[in-house]
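Report on the structure given below.
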Amino acid sequence: MLKYIAKRIGLAVVTVWAVATLTFFLMNMVPGGPFLSEKAISPQATAALEAKYGLDKPLFQQYLTYIGGAVQGDFGDSLKQRGRTVTEIILMKFPVSARVGGISVLVALTLGIPLGCIAALKRGKFLDSLISVVATCGIAVPSFVICTVLLYTFGAKLKLLPTVGLTSWKNYIMPVMALSFYPTAYIMRLMRSSMLDVLGQDYMRTAKAKGVSGFVSLFKHALRNAILPVVTYVGPMLAYTVTGSFVVEKIFTIPGLGGEFIGAINGRDYTLIMGTTIFLATLIIVMNVVVDIVYKIVDPRIKLK
Amino acid sequence: MSEYLVDIKNERLSFFTPAGEVKALNDVSIHLKEGEVLGIVGESGSGKSVTAYSLMGLTAYPGKLIGGSLYFNGHQVDQMTDKEMRKIRGNEISIIFQDPMTSLNPVYTIGNQIMEAILLHTDKSKEQARERAKELLELVGINEPDKRLKQYPHELSGGMRQRVMIAIALACEPKLLIADEPTTALDVTIQAQILELMMDLKKKLGMAIIMITHDLGVVASMCDRIAVMYAGKVIEYGTADDIFYNPKHQYTKGLIRSIPRIDAKEHERLIPIEGTPVDMLNPPKGCPFAPRCEECMKICLREMPPVTDLGDVHYTQCWLIQKEEMEKGAAK
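Right, dumping it as structure tokens:
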């Protein structure tokens, strides 16, 4: 196990480096730069700014400087948000996104798994059809549509929920609903199909033949086998959700990381783009390792090499 | 109270599929005394497993019992609630399935799966159950039981897993053990070992066995009584001697002819039964075997033959035999 984790960390470093390198050069290939704006800045001022941030040096030298800093944990200053380092921005915004995203993932799991199980158990009945329709909607309808519908009904028409900011628990309801809709639907579908598969397995018949009750055989014998595809999906999904959704954060004016990410790209805030990308990549890699370890715990047939 | 441990009377069971009603069992009657071994033989889809499963209330969806009565140990099992049925399953009636590779839950240890049955049906503590599980593994001939209890199914071979399945089945010393083609998925040398083990355990524990198989060799060596099933009907029933030395139904005769013989001459061909099994969605009006029968008469295609008794236990359902018996009776 330790050897496996060490190996995965080694691989992770290589992956993050590859992601960083690719992002660095791709981002510099995109036309434009951080100091172009509608307001005309004198060429001298631009040159002075570029010199300050080292943007006047050859690209490869810039790259070496960046990687050199990043290895030591220095991700540089933001080019657009003066006086703040990239690390500061991420540390400030990530907890906000993580809270909304984390709650959403919990909601998706607590709704998706039982509903998927119920659909499988009631296969072909009304409840199954209902759940399937909701799941298909959840997967097909984009989040900005859901956000708008929610805002319109609960915010504007019924005036039940606040529409802006994150000041009370009520503020969380709509963003969490919007964020968890897709994963809930997806988990429901995954759970339904894998549960159907497991229910038809011979060992379920064995359990019944032993005299195990329906309830125990479902929770003990079926669930642990059926949950594996959900585990696989939840890892990366968690990484994406906690780093924030640009659309949802924008619509509900949540000061999260998702907004920063897109803002950085639009403003060519090179250091912030690099920082957020590396952060997301690392998180996904970590989640994948966690998924592998959870997999091993759930299914003893899996060997970690 | 019935003299029989198992007494299935005129069982009729259908699967209601989208394509129509499949009459899987048509008037099946089977009985078995304590400690006896009954073999049910027949080709795939003849209703062997369905008969046995229905006795345990394990009929798979969309199957439904639509007639007849099933008694086990004096209790009518088809009238029992699921809760009552659960007390019998794994306790008084146990079953060994065909494929040991898929019949054990892959994510739990062998020990967990054996102990589950013990804990469910007895008042034993966890420690006592573990001891019992160890005993059972020794009983079914598995070495190093302490180590095996902690292993997962994928760490054992097919033969070993079938032994584990037998251990689970025997956990509560059942009165009846149903073996649903217990050796079909195993290779030949392991097959013999498993059968030997079963007979050995039967002697030690004195339970009755229903042996479902399409291997006539297995039945010949193990069973007291044999039911030959075809298209959801028991077309011949009798002691092993009746069936092997005095088969009456053309299908039974055909089956016995098709067994490879050690004394056969070189290049001698096996004699297969011509034709294919009936389509259970649209069964023929008369005898289901008639389209394949060499001795088929006009009446066979029109009407199902009645049961012809040929002795205490031996009976068959065939117009030819019915005719012979009637002529015999008339001659007397």
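Chains as they are written, first to last, in numbering that gives the first Met the number 0: chain A, 0 to 304; chain B, 0 to 331.
We put the CB at the ideal spot given by N, CA and C, even for glycine.
Here the structure is a predicted model, which means the values were calculated and not measured.
Query raised in the report: Is A/Tyr-294 close to chain B, meaning its C-beta is less than 7 Å from at least one C-beta of that chain?
Result: If you number the first sequence from 1, residue 294 of chain A lands on position 295. Not an interface residue.
Query raised in the report: What residue range is occupied by the uninterrupted alpha helix (DSSP H) comprising B/Phe-288?
Result: The residue you call residue 288 of chain B lines up with position 289 of the second sequence. For B/Phe-288, no alpha helix (DSSP H) run applies, since DSSP gives it neither H nor E.
Query - Test: A/Ala-208 CB closer than 7 Å to a CB of chain B - result: What you label residue 208 of chain A is simply residue 209 of the first sequence in a count that begins at 1. By this cut-off, A/Ala-208 is an interface position.
Query raised in the report: Taking all protein chains shown into account, do 16 or more other C-beta atoms lie within 10 angstroms of the C-beta of B/Cys-317, making it buried, or fewer, making it exposed?
Result: The residue you call residue 317 of chain B lines up with position 318 of the second sequence. Classification for B/Cys-317: buried.
**Report entry** Chain-ordered residues of the segment 233-252 of chain B with a beta carbon less than 8 Å from chain A
**Finding:** none
Report task. Report yes or no: is there a C-beta of chain A within less than 7 Å of the C-beta of B/Asn-281? Result -> For the purposes of this step, residue 281 of chain B is identified with residue 282 of the second sequence, where counting begins at 1. Chain A contact via Cβ: absent.
Query - Residues that DSSP places opposite B/Leu-24 in a beta bridge - result: Position 25 of the second sequence holds residue 24 of chain B. Paired residue(s): B/Leu-12.
Query raised in the report: Per DSSP, which one or two residues make a beta bridge with B/Ser-93?
Result: Taking the first residue of the second sequence as 1, we reach residue 93 of chain B at position 94. Beta-bridge analysis with DSSP links B/Ser-93 to B/Leu-176.
Requested in this report: Figure out for me which residue from A/Leu-126, A/Tyr-239, A/Tyr-269 has the closest Cα to the Cα of A/Gly-257.
Outcome: Taking the first residue of the first sequence as 1, we reach residue 257 of chain A at position 258. It is A/Tyr-239.
Report task. Mark B/Ser-43 as exposed unless 16 or more other C-beta atoms lie within 10 angstroms of its C-beta, in which case mark it buried. Result -> Here the question's residue 43 of chain B lines up with position 44 in the second sequence. Counting of Cβ neighbours within 10 angstroms places B/Ser-43 among the exposed residues, the total staying below 16.
Query - Residues bridged to B/Phe-71 (per DSSP) - result: Here residue 71 of chain B refers to the residue found at position 72 when the second sequence is read from its first residue. Paired residues: B/Val-5, B/His-74.
**Report entry** Chain-ordered neighbours of B/Glu-267 on chain A, where CB pairs are closer than 9 Å
**Finding:** One-based indexing of the second sequence puts residue 267 of chain B at position 268. Residues of chain A passing the Cβ test: none, with the nearest at roughly 39 Å.
Report task. Using three-state DSSP, classify A/Val-197 as helix, strand or coil. Result -> In the first sequence, residue 197 of chain A corresponds to position 198, counting from 1. A/Val-197 falls in the helix class under three-state DSSP.
Query raised in the report: Whose C-beta lies closer than 6 Å to the C-beta of B/Asp-98 among residues of the same chain, with five residues either side of it excluded?
Result: Counting from one through the second sequence, the residue named residue 98 of chain B turns up at place 99. Excluding residues up to 5 positions away in sequence, Ala-184 lie with their Cβ nearer than 6 Å to the Cβ of B/Asp-98 in the same chain.
Query raised in the report: According to DSSP, what are the bridge partners of B/His-30?
Result: By one-based count along the second sequence, residue 30 of chain B stands at place 31. Looking at the DSSP assignment, B/His-30 forms a beta bridge with B/Asp-6.
Requested in this report: Can you tell me the Cβ-Cβ gap for B/Leu-37 and B/Ile-209, rounded? I've got them flagged as a contact below 8 Å.
Outcome: Translated into the one-based positions of the second sequence, residue 37 of chain B becomes position 38. Translated into the one-based positions of the second sequence, residue 209 of chain B becomes position 210. At roughly 5 Å, the Cβ-Cβ gap stays under 8 Å, so B/Leu-37 and B/Ile-209 are in contact.
**Report entry** Residue interval of the alpha helix (DSSP H) (run including A/Gly-101)
**Finding:** Walking along the first sequence from the start, residue 101 of chain A turns up at place 102. Looking at the DSSP string, the run of the alpha helix (DSSP H) that includes A/Gly-101 is 85-120.
Report task. Decide yes or no for the touch test of the segment 282-301 of chain A against the segment 248-262 of chain A: beta carbon pairs closer than 8 Å, at least 3 of them. Result -> no
Requested in this report: Tell me whether A/Val-246 sits in a helix, a strand or coil according to DSSP, three-state version.
Outcome: Within the first sequence, residue 246 of chain A is the residue found at index 247, counting from 1. Note: A/Val-246 maps to helix in three-state DSSP.
Query raised in the report: Using the C-alpha atoms, what's the distance from A/Val-247 back to A/Ser-142?
Result: In the first sequence, residue 142 of chain A corresponds to position 143, counting from 1. In the first sequence, residue 247 of chain A corresponds to position 248, counting from 1. Cα-Cα distance, rounded: 7 Å.
Query raised in the report: What residues match up with B/Thr-121 in a beta bridge as DSSP calls it?
Result: As a working note, residue 121 of chain B is residue 122 in the second sequence. Answer by DSSP bridge pairing: none, since B/Thr-121 is not bridged.
Query raised in the report: Name the DSSP bridge partner or partners of B/Arg-224?
Result: Along the second sequence, one-based indexing puts residue 224 of chain B at 225. Bridge partners of B/Arg-224: B/Leu-37, B/Thr-238.
Query raised in the report: When you compare only the Cα positions, how much space is there between B/Val-139 and B/Leu-200?
Result: Working through the second sequence from its first residue, we reach residue 139 of chain B at position 140. Working through the second sequence from its first residue, we reach residue 200 of chain B at position 201. Each residue's Cα considered, the two are about 8 Å apart.
Query raised in the report: In the DSSP assignment, what are the bridge partners of A/Leu-78?
Result: Position 79 of the first sequence, counted from the first residue, corresponds to residue 78 of chain A. Note: A/Leu-78 sits in no beta bridge, so no partner.
Query raised in the report: Sorted by chain position, which residues of the same chain lie with C-beta nearer than 7 Å to A/Met-26's C-beta, five sequence neighbours on each side aside?
Result: Counting from 1 along the first sequence, the entry for residue 26 of chain A is found at position 27. Closer than 7 Å at the Cβ level, and outside the excluded window around A/Met-26, lie Tyr-269, Ile-272.
**Report entry** C-beta contact flag for B/Val-27 and B/Val-277 at 7 Å
**Finding:** Along the second sequence, one-based indexing puts residue 27 of chain B at 28. Along the second sequence, one-based indexing puts residue 277 of chain B at 278. No, the pair does not count as a contact, with Cβ atoms beyond the cut-off.
Query - Assigned exposure category for A/Ser-171 - 16 Cβ within 10 Å defines buried - result: Along the first sequence, read from residue 1 onward, the residue named residue 171 of chain A stands at position 172. With the sequence shown as reference, residue 171 of chain A is identified as Tyr, and Ser is not the correct amino acid for it. Here A/Tyr-171 is buried: its Cβ has 16 or more other Cβ atoms, across all protein chains shown, within 10 Å.
Report task. Pull up the distance between the alpha-carbon of A/Val-308 and that of A/Ile-261, whole angstroms please. Result -> With chain A covering 0 to 304 only, the question about residue 308 of chain A has no answer from this structure.
Query - 8 Å contact criterion, which B/Met-342 and B/Ala-170 should meet: CB distance rounded - result: With chain B covering 0 to 331 only, the question about residue 342 of chain B has no answer from this structure.
Query raised in the report: So with Cβ pairs under 7 Å, would you call A/Arg-191 a contact of chain B?
Result: Counted from its first residue, the first sequence places residue 191 of chain A at position 192. The beta-carbon of A/Arg-191 is placed no less than 7 Å from the nearest beta-carbon of chain B.
Query raised in the report: Beta-carbon separation of A/Phe-74 and A/Thr-86 under 7 Å?
Result: Start at 1 with the first residue of the first sequence, and residue 74 of chain A comes out as number 75. Start at 1 with the first residue of the first sequence, and residue 86 of chain A comes out as number 87. Yes, the Cβ-Cβ distance between A/Phe-74 and A/Thr-86 is below 7 Å.
**Report entry** Cβ-based neighbour list, B/Thr-315, same chain, cut-off 7 Å, excluding 5 preceding and 5 following
**Finding:** Counting from 1 along the second sequence, the entry for residue 315 of chain B is found at position 316. Cβ within range, chain order: Ile-234, Glu-235, Lys-247, His-248, Thr-307, Leu-309.
**Report entry** Coil, strand or helix - A/Arg-267 by DSSP
**Finding:** Locating residue 267 of chain A in the first sequence gives position 268, where the first residue counts as 1. In the structure shown, A/Arg-267 sits in coil (DSSP, three-state: anything other than H, G, I, E or B).
Requested in this report: Show which residues of chain B have a CB atom less than 7 Å away from the CB atom of A/Pro-299.
Outcome: Numbered from its first residue, the first sequence carries residue 299 of chain A at position 300. Under the 7 Å cutoff, chain B gives Val-106, Tyr-151.
Query raised in the report: Beta-carbon of A/Asn-224 versus every beta-carbon of chain B: anything under 7 Å?
Result: Position 225 of the first sequence holds residue 224 of chain A. Closer than 7 Å to some Cβ of chain B, the Cβ of A/Asn-224 qualifies, so yes.
Requested in this report: Within 10 angstroms of the Cβ of B/Phe-96, are there 16 or more other Cβ atoms? Answer buried if so, exposed if not.
Outcome: On the second sequence, residue 96 of chain B is found 97 positions in, with the first residue counted as 1. Buried, since its Cβ has 16 or more Cβ neighbours within 10 Å.
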